[in-house]
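A short write-up of the structure that comes next.
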Amino acid sequence: MSTVSKVFLPDEGKSYTSNEVLSIDEAALFKLRRFLREPEGLGSILCATCFQPLILAGTPSQKHHFKHPIGSEDCPVKSTTSLTDSELKAISYNGIKESKKHKDYKATISNLLKSEVEYENIQVEQTYREQFQTGLAKAWRRPDISFYSNTHNMDIAIELVLDQVPLDVIVARDRFFKEQGATVLWLFLQDKNNFTRKDIFYNSNENLYVFDLESKITSRDQSKLLFKCFYTQYGIDDLGFQVQVVSSEQSKLVSLNDLHFNENNLTYFDVQQSKIDAKNEADQIYRQRQQENDDYRKRLDEKRQNRLSGNSAYASVADKYIQPRVIQEGLIAELNAKCKKLKCHCGNEDMTQFRSKACFVYCNLCGLEVGYD
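Terminal number for the sequence shown in the UniProt record's numbering: 373, no gaps in between.
See below:
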């Protein structure tokens, strides 16, 4: 006998122990037994593990317990289960999608898609079967919403994310739809910083889509599906002495038509190209600064060389504007008559390096008077 210790009430979106639900009077228990067998009551109470409908059974001693009906699909709580770990995780994930909030969002999004002419064959929880059978039975998945996009020329499956999703489930669904020529759009209903967000964000070209309350209101006002895209954008931080490539998370309200298919995912912002552009810009600024520094050093070297070579720039100005300092012609004849040659105490004997002022002679090199009596 397989019994269930924990149940899920989709109308409330909460889980309870079986004992909590069964702690009602006898009349209510027998009415519940009947209600769960009626069409309108089927699915009112679900297994908290596999999220299949449960019935209320009894033992010969008239003790009540919840159990899976005969013919129900496999479940980990059944003693006869033959499910693998990945299959158990998939069952658990599918069950999370049975809450009232999840169903309401599926209805809202599918209705928004139906208002746009670009999308066809919009289905809610439609079984999506493997196109190429490799065994006795075809593999299948049941996405929250599936449709064909004329804009992207492909089938798109939308999976709504309320809470954490096992990574094995994410990988399996991505691979399955890729093999069928389709793609999965993981659409979060709230932005939570958890492992599931990071698992999808970093493996989807760092683009993450969120259909939050603001998106829901704006979509309703514009009669089209709009959602937020969170993405990484790269830029530069110019500190003057150093240029760094930096990143920041940005967000923008987008539509499906704003997305393009990039490798394996639907992408709004090309993060890798943004990173390349930022690095190229940083490299260009670095090279420009290096060239400016090289030019500055070159100018300093030229000035230094000019000073060391006697300041040729000053000499050219002096040649143009300053009269040469020489001995007057009348004094030269007098000097030649009195002495063979002039010689300064500094050793200067070059007649072109002497100058006269009145009847005095001065050395151009040391500036002192030269006697010639």
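The C-beta atom is built at its ideal place from N, Cα and C for all residues, glycine as well.
Every value quoted in this text rests on a predicted model; they were computed, and no experiment measured them.
Buried versus exposed call for I158 [16 or more other C-beta atoms within 10 Å across all chains shown]: buried
Starting from the Cα of C229, find the closest Cα among L239, I236 and V271 and give me that residue. V271
To test your reading of the DSSP string, which unbroken beta strand (DSSP E) runs of 3 or more residues are found completely within the UniProt domain "Competence protein CoiA nuclease-like" (98-213)? 119-124, 145-149, 154-161, 182-188 and 207-210
Kindly indicate which residue of F360, S204, Q126 and S99 has the alpha-carbon position closest to the one of N262. S204
Which whole-angstrom value is the C-beta distance of L56 and L36, which I expect to be below 8 Å? 6 Å
From which residue to which residue does the beta strand (DSSP E) around R287 run? No beta strand (DSSP E) holds R287; the alpha helix (DSSP H) holding it covers V271 to L308.
Give me the Cα-Cα distance between L54 and S146, rounded to the nearest whole angstrom. 28 Å
Using C-beta distances below 8 Å, list every residue in its chain close to G58, excluding the 5 sequence neighbours before and after it, in chain order. R33, H64 and H65
On a CA-only basis, which of F195, D144, K224 and F201 is nearest E116? Give me that one, please. K224
For the segment 5-87, list the alpha helix (DSSP H) runs that are entirely contained and at least 4 residues long, ordered along the chain. 18-22 and 26-35
For a quick check, are the C-beta atoms of I156 and L185 less than 7 Å apart? yes
Taking 8 Å as the threshold, find out whether the segment 290-297 comes into contact with the segment 238-258 through three or more Cβ pairs. no
Who pairs with Y231 in a beta bridge, going by DSSP? N207 and Q250
What did DSSP end up calling L226 once you bin it into helix, strand or coil? strand
Can you list, in chain order, the residues of its chain with a C-beta nearer than 6 Å to that of L368? Leave out the 5 residues immediately preceding and following it. none
Thinking C-alpha only, which one of K101, K67 and K31 is nearest K14? K101
With F241 as the anchor, note down where its beta strand (DSSP E) starts and where it stops. No beta strand (DSSP E) holds F241; DSSP gives it neither H nor E.
Just the Cα atoms here: how many angstroms apart are N153 and D168? 28 Å
With contact counted as at least three CB pairs below 8 Å, one residue from each stretch, are the segment 236-243 and the segment 196-212 in contact? no
Whether A48 touches V21 by CB criterion (7 Å): no
Who are the Cβ neighbours of K114 in its own chain at under 8 Å, not counting the five residues just before and after it? I122
Segment limits, beta strand (DSSP E) that includes K357: F354 to K357
Between which two residues does the beta strand (DSSP E) containing C346 stretch? First-last for C346: undefined, no H or E at that position.
Going straight from the alpha carbon of G43 to that of F177, what length do you get? 28 Å
Starting from N265, trace the beta strand (DSSP E) both ways and give me its first and last residue. N265 to T267
For S72 and Q52, which I take to be in contact (beta-carbon distance under 8 Å), what is that distance rounded to the nearest angstrom? 5 Å
If I'm right that N364 touches R355 with Cβ under 8 Å, what's the distance once you round it to whole angstroms? 6 Å
Nearest to K106 by CA position, among Q126, E120 and E118, is which residue? Q126
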